[in-house]
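Reviewing the structure listed below.
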Amino acid sequence: MHTQIIAGVDLAWMGARNPTAIAVGKIECGVIELSSVFVGLYGTQSVIEALDGIVDLQGVAIDGPLIIRNQIGQRECEREVGVFYGSRKASCHTSNLRRFPDAAGVKLSSHLVSAGFRHLAPTNHKWQLECYPHPALIEIFGLSERLAYKKGTILQKRHGQIELSKLIMALEESATLPLRVPGAFHMYIDADRISALRGDQLKHNEDVLDAIVCMYIGALYQSGQEQSIFGTPVDGYIYVPAKRCV
Numbered sequence: 242m243h244t245q246i247i248a249g250v251d252l253a254w255m256g257a258r259n260p261t262a263i264a265v266g267k268i269e270c271g272v273i274e275l276s277s278v279f280v281g282l283y284g285t286q287s288v289i290e291a292l293d294g295i296v297d298l299q300g301v302a303i304d305g306p307l308i309i310r311n312q313i314g315q316r317e318c319e320r321e322v323g324v325f326y327g328s329r330k331a332s333c334h335t336s337n338l339r340r341f342p343d344a345a346g347v348k349l350s351s352h353l354v355s356a357g358f359r360h361l362a363p364t365n366h367k368w369q370l371e372c373y374p375h376p377a378l379i380e381i382f383g384l385s386e387r388l389a390y391k392k393g394t395i396l397q398k399r400h401g402q403i404e405l406s407k408l409i410m411a412l413e414e415s416a417t418l419p420l421r422v423p424g425a426f427h428m429y430i431d432a433d434r435i436s437a438l439r440g441d442q443l444k445h446n447e448d449v450l451d452a453i454v455c456m457y458i459g460a461l462y463q464s465g466q467e468q469s470i471f472g473t474p475v476d477g478y479i480y481v482p483a484k485r486c487v
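Counting from 1 along the sequence shown, just add 241 to a position and that's the residue number in the numbering used here.
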């Protein structure tokens with residue numbers, strides 16, 4: 242069976258000031274297996290170079306605004322996600338041209354379009370999509386509300402990452418799309434290691450976990466699973482899987 246290569250990108254919205262992580266996986270025989278990780282990428286160009294270097298890349302799922310046309314306020318897709326998921330604490334950040342006149346996501350998306358990756362293209366073509374891990378996790382795992390792992394004290398962030406790692410590991414038994422995480426990458430989901438992280442190391446680990454989630458979201462798209470599309474590829478959209486996987 243043909244192998245399909247999928248990348249998940251936890252994109253730093255503020256360009257070179259914050260790091261981006263990428264998780265790459267291969268789909269074979271109905272299983273997605275993590276195959277490589279890029280961590281601590283600073284600047285849009287470094288992200289582009291990493292993606293350009295992935296052989297036979299089929300699709301890219303990116304956590305970050307890829308299409309911004311509104312001058313002020315929220316994009317319509319962000320507003321729609323807030324209406325649908327706000328009661329479960331998974332509303333969106335606001336992106337507009339006034340706040341992000343030179344957005345990293347728009348730059349990256351434009352490069353991908355020039356390389357043949359069309360927004361929400363059929364899966365027999367190269368594609369890209371904008372995703373948002375919080376509502377995706379709610380759907381994939383049937384959570385009652387957003388999993389808190391990004392804010393709070395160091396202890397709270399560690400606890401949140403450990404909980405997210407448990408969910409990621411549970412996907413190995415998914416009847417929808419199993420996820421394999423080889424031993425070389427267990428460091429990112431190891432509770433004892435996470436419990437000792439702080440500062441930049443803790444942030445880098447969070448980035449990798451988010452990238453793995455984005456990769457899995459992309460694999461669900463490639464596999465043709467149930468989905469919700471908020472907004473449009475003209476004015477901005479957010480893809481959310483609508484299939485519980487465990």
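Even glycine gets a Cβ: it sits at the ideal position worked out from N, Cα and C.
Given residue i as reference, the closest of the options once Cα atoms are compared
i    : options                : result
W368 : D293, F358, P376       : F358
V481 : C455, V475, S351       : C455
S276 : S469, T417, S287, G249 : G249
S336 : R316, Q286, P474, T417 : R316
S415 : V265, E274, T261       : E274
T417 : R258, T394, Q466, A425 : Q466
I303 : A331, Q286, A253, C270 : A253
Y390 : L420, I381, A425, A331 : A331
H366 : L282, V301, P474, I263 : V301
I470 : L370, Q442, L443       : L370
F382 : R485, E269, I268, H243 : R485
V475 : Y457, Y462, M428, L361 : L361
D297 : G327, H243, T394, S328 : H243
P374 : Q286, S328, F426, C333 : C333
A344 : Q286, G401, L388, K392 : Q286
G393 : Q468, G424, L443       : L443
A425 : G323, V278, Q397       : V278
Anticipated Cβ contact below 8 Å, residue i with residue j, distance rounded
i    : j    : result
C318 : G477 : 5 Å
I409 : L384 : That pair is no contact at about 13 Å.
Q299 : Q245 : 5 Å
P306 : H445 : With 8 Å as the limit, P306 and H445 do not qualify as a contact, their Cβ atoms being about 22 Å apart.
C372 : I479 : 7 Å
L247 : G271 : Inspection of the sequence shows that residue 247 is occupied by Ile rather than by Leu. Rounded, the Cβ-Cβ distance is 13 Å, inconsistent with contact.
E380 : A483 : 6 Å
P376 : Y326 : 5 Å
Nonlocal neighbours in the same chain, by C-beta distance under 7 Å from residue i, ignoring five residues either side
i    : result
A411 : V487
I430 : S406, I409, M410, V422
L472 : Going by the sequence as given, residue 472 is Gly instead of Leu. Around G472: R316, E317, C318, E321, Y478, I479.
E251 : Sequence check: residue 251 is Asp here, not Glu. Contacts found: T261, A262, D304, D448, D451, A452, C455.
A257 : Y283, G284
L461 : L418, P482, K484
Own chain residues within Cβ distance below 6 Å of residue i, not counting five before or after
i    : result
V422 : L275
R399 : I435, S436
I403 : A432, I435
I395 : R439
V280 : A262, H445, V449
G401 : A389, Y390
T364 : Q463
Cut-off 8 Å between Cβ atoms - residues of its own chain near residue i, not counting five sequence neighbours on either side
i    : result
V347 : P306, L307, I308, I309, F341
P419 : G271, V272, I273, L412, E413
V324 : none
Chain D within 9 Å of residue i, Cβ atoms only
i    : result
A460 : Among the protein chains of the structure shown there is no chain D, as only one such chain exists.
Determine contact between the region 437–448 and the region 333–348, defined as no fewer than three beta-carbon pairs at a distance below 8 Å. no
Meets three-Cβ-pair contact criterion under 8 Å: the region 342–352 and the region 282–298: yes
Could you name each continuous alpha helix (DSSP H) segment of 4 residues or more that falls completely within the region 305–386, going from the start of the chain to the end? 317–326, 345–355, 374–382
With a floor of 4 residues, list each alpha helix (DSSP H) that falls wholly inside the region 267–296, ordered by position along the chain. 285–293
At 3 residues or longer, and completely inside the region 385–471: list those beta strand (DSSP E) runs for me, N to C. none
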